[in-house]
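Below is one structure, written out as structure tokens; the observations come after it.
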Amino acid sequence: MPGNHEYGPIGDRDAESSSTKATQYKRYNIISRSEWLLELGSLAASLTLFVGIIVIFWNINNKPRSDWTFFISLNSVVSVLTTLCSALMMHGVSEFIGQLKWLHFKNRPRKLVNFEKFDEASRGPMGSFKFLYGVRLNLATVGALVTIARLAFSPLAQEVIDYPERMITKADDRATFGYAHEYNRNLSGAMFNHKMISSGAVPHDSKMQSAILQGLYNISSPQDFTCPGSCEWSESYISLGFKTTCENVTITTLRTEKCVKPSGGVIKFCNMTTPGGIRLSTQHVDTDSQTTFRFNASSTMDETAQQLPRDFPDLVRFAVYRATSDGNFNPNNINVTECALSLTAYEYSEGHANGSEFGFGSKKEISLPHKRWNIDGGMGGFNGSVWTNASKADGLPELTLGWVDIKALQFYFQSEMISAEWVDGNYDNVNPGISAALIGGVDLEQRFTMMATSMTDYLRAGPNHKTAKGNRVQMVTYVSIRWPWLIGPAVIEITAVLFAIITIVRNRRSRGVPLWKSSALAVLACRHEKGVGDEVDWIRSDVKDIKKIEETAEHTSVKLE
Numbered sequence: 001m002p003g004n005h006e007y008g009p010i011g012d013r014d015a016e017s018s019s020t021k022a023t024q025y026k027r028y029n030i031i032s033r034s035e036w037l038l039e040l041g042s043l044a045a046s047l048t049l050f051v052g053i054i055v056i057f058w059n060i061n062n063k064p065r066s067d068w069t070f071f072i073s074l075n076s077v078v079s080v081l082t083t084l085c086s087a088l089m090m091h092g093v094s095e096f097i098g099q100l101k102w103l104h105f106k107n108r109p110r111k112l113v114n115f116e117k118f119d120e121a122s123r124g125p126m127g128s129f130k131f132l133y134g135v136r137l138n139l140a141t142v143g144a145l146v147t148i149a150r151l152a153f154s155p156l157a158q159e160v161i162d163y164p165e166r167m168i169t170k171a172d173d174r175a176t177f178g179y180a181h182e183y184n185r186n187l188s189g190a191m192f193n194h195k196m197i198s199s200g201a202v203p204h205d206s207k208m209q210s211a212i213l214q215g216l217y218n219i220s221s222p223q224d225f226t227c228p229g230s231c232e233w234s235e236s237y238i239s240l241g242f243k244t245t246c247e248n249v250t251i252t253t254l255r256t257e258k259c260v261k262p263s264g265g266v267i268k269f270c271n272m273t274t275p276g277g278i279r280l281s282t283q284h285v286d287t288d289s290q291t292t293f294r295f296n297a298s299s300t301m302d303e304t305a306q307q308l309p310r311d312f313p314d315l316v317r318f319a320v321y322r323a324t325s326d327g328n329f330n331p332n333n334i335n336v337t338e339c340a341l342s343l344t345a346y347e348y349s350e351g352h353a354n355g356s357e358f359g360f361g362s363k364k365e366i367s368l369p370h371k372r373w374n375i376d377g378g379m380g381g382f383n384g385s386v387w388t389n390a391s392k393a394d395g396l397p398e399l400t401l402g403w404v405d406i407k408a409l410q411f412y413f414q415s416e417m418i419s420a421e422w423v424d425g426n427y428d429n430v431n432p433g434i435s436a437a438l439i440g441g442v443d444l445e446q447r448f449t450m451m452a453t454s455m456t457d458y459l460r461a462g463p464n465h466k467t468a469k470g471n472r473v474q475m476v477t478y479v480s481i482r483w484p485w486l487i488g489p490a491v492i493e494i495t496a497v498l499f500a501i502i503t504i505v506r507n508r509r510s511r512g513v514p515l516w517k518s519s520a521l522a523v524l525a526c527r528h529e530k531g532v533g534d535e536v537d538w539i540r541s542d543v544k545d546i547k548k549i550e551e552t553a554e555h556t557s558v559k560l561e
């Protein structure tokens, strides 16, 4: 360089000096190493990696996280790929900024300090920040913005991946509950020498009796189902069942009351009949005792009839007399409730279970009026049954009840286990029956509904139950791709590609500018010459072919003075 002087605006001159003619710049093929091969290659590799990331996102989107079986996690793979992608992208961007530096000084005189700002911008984000504030807008500004935005490339790509928890269902034979289209213990073969005229002649169903008592005593029992965790049943199921209907008949019944006090006796006996024909009896002894609870039941069927009675599907009618007694044991607050236990069907939908809890989203009663029912074998036959025709239109299957099981149920309600009396005061209640469950202020309608539900639940798990298989429900972590987060990296990548194309086109048009890019050797090969008179200072180099500069550097040894 010449002797010391102050720096001023300079330019890169492509003209002869006073002593030496500058070497003309030699052009190479655009994809040669001396042109843009490495930059185009790195940019193409960056674009390929970016497309690869998109392909990965596309293939894993909305799939269980467990589907990703690669030994490196999805986030780690994306992190590695985005780091490589941005690194390859920045190799080209840095070189393009470096080349635009020479174009910048070729157009017209510039401040020499801009040379350093271009150089810093090609090195990283901090230099790019300085470049934006220190140099007027030009094409290299785009490169500086890409360099800064590159810092957000990988974080934004990571934000694309989300791991929501989703409930999924999968068929599982262990997810089961019962439903029944039939209640028939098939006892006809064991009863060839029996007569169905009394309770003692018909084998009782102890489990059905247990279900009745559990309902009456408000005892909750676990639902009969199996489920390995959380389950659901998407289909609907029809099941045979029971229902009760109750009515307050106090006034009507008390109008029929007739009381008798035997001559010489102290007990007054009263009899009354409900509208349904059920007889209730009470007793009273002045200042001594008073009936406060009476339960009685009657069958709606004749054991020898060949046709179903008019009231069918009512199986049993029963009535409850309740009262309180004052200090003299006079009856007060008398209430008579009459109920009927009937056959019905239920449609169970939206079954669900979680741990020990089980239930249905919908339970709809399907009425089974008298006209739907048929009798087979006569009501007096041990192998007889009552049944309904299947109806495709109504979605009803054939429903069947064995005659023996009907009679066992009716006899049980008429037995002393159920039909009983409780007398307050000076009286020995040897047969309290179920009085403890229903006496006092118990809501009878609710309690009998619970009884019918308990009986229905028994049928669903009883000897004729069918198995409804459902699905196991589990929380599964999914991969969800939030595509809007990918807009940022895509814009950065596309901007880098456009920046490369425009820079290459501008450079190919400016043939008077050497292709030195960010080469430090090219800077060392230049010299700063003071302009003559009013001329600007010049940056001059006698060798403009980067290959020759590199060859010279390869064979030259230097030392800092």
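Going left to right, the sequence shown walks through residues 1 to 561 as the UniProt record's numbering numbers them. In this text, a Cβ means the ideal position worked out from N, Cα and C, and glycines have one as well. Treat the numbers as computed from the prediction; the structure is a model and nothing was measured.
Query                                                                                                                                                                           : Result
Check each candidate in Tyr427, Ile481, Ala436 and Asp424 and name the one with the smallest Cα separation from isoleucine 418.                                                 : Ala436
Would you mind working out which of Pro222, Gly425 and Ser281 sits nearest alanine 353, comparing C-alpha positions?                                                            : Pro222
Going by DSSP, what residue range makes up the alpha helix (DSSP H) through tryptophan 58?                                                                                      : 37-60
Tell me where the beta strand (DSSP E) around asparagine 332 begins and ends.                                                                                                   : 331-354
Once DSSP output is grouped into helix, strand and coil, what is the label at leucine 409?                                                                                      : helix
Taking buried to mean at least 16 other C-beta atoms within 10 Å of its own C-beta, is glycine 441 buried or exposed?                                                           : exposed
So, helix, strand or coil for aspartate 545, using DSSP?                                                                                                                        : coil
If we ignore side chains and look at the alpha-carbon of each, how far apart do asparagine 374 and tryptophan 387 end up?                                                       : 5 Å
For aspartate 314, collect the residues of the same chain with a Cβ closer than 6 Å to its Cβ; drop the 5 residues on either side in sequence, then sort them by chain order.   : Thr300, Ala340 and Ser342
Look up alanine 180 in the DSSP assignment and give the residues it is bridged to.                                                                                              : His465
What do you get for leucine 151, buried or exposed, if any count of 16 or more other CB atoms within 10 angstroms of its CB means buried?                                       : exposed
For arginine 108 and serine 94, what's the separation of their Cα atoms in angstroms?                                                                                           : 23 Å
Taking the DSSP output, what are the residues bridged to glutamine 223?                                                                                                         : In the DSSP output, where bridge partners are listed per residue, glutamine 223 has none listed.
Can you list, in chain order, the residues of its chain with a C-beta nearer than 6 Å to that of tyrosine 276? Leave out the 5 residues immediately preceding and following it. : For the sequence presented, residue 276 should be read as glycine rather than tyrosine. Cβ within range, chain order: Arg317 and Glu338.
For aspartate 67, list the residues DSSP reports as bridge partners.                                                                                                            : The partner list for aspartate 67 (beta bridge, DSSP) is empty, contrary to what the question assumes.
Just to confirm, is the Cβ distance from phenylalanine 131 to lysine 117 under 8 Å?                                                                                             : yes
Could you check whether isoleucine 504 and isoleucine 161 sit closer than 8 Å to each other, using their CB atoms as the reference points?                                      : no
Which same chain residues, not among the five before or five after aspartate 119, have their C-beta less than 8 Å away from its C-beta?                                         : Gly98, Lys101, Gly127 and Ser518
Put glycine 143 into one of helix, strand or coil per three-state DSSP.                                                                                                         : helix
Cβ of phenylalanine 242 within 8 Å of Cβ of threonine 344?                                                                                                                      : yes
Among Ala520, Trp483 and Phe293, which residue has its Cα nearest to the Cα of glutamate 421?                                                                                   : Phe293
Taking its Cβ as the centre, do 16 or more other Cβ atoms sit within 10 Å of lysine 205, making it buried, or is it exposed?                                                    : Going by the sequence as given, residue 205 is aspartate instead of lysine. By the 10 Å Cβ count, aspartate 205 comes out buried.
So the beta strand (DSSP E) alanine 152 belongs to, where does it begin and stop?                                                                                               : Careful: alanine 152 lies outside any beta strand (DSSP E) and carries neither H nor E.
Tell me whether alanine 437 sits in a helix, a strand or coil according to DSSP, three-state version.                                                                           : helix
For glutamine 158, is the classification buried or exposed, using 16 other Cβ atoms within 10 angstroms of its Cβ as the cut-off for buried?                                    : exposed
Would you decide whether glutamate 165 is buried or exposed? Buried here means 16 or more other CB atoms lie within 10 Å of its CB.                                             : exposed
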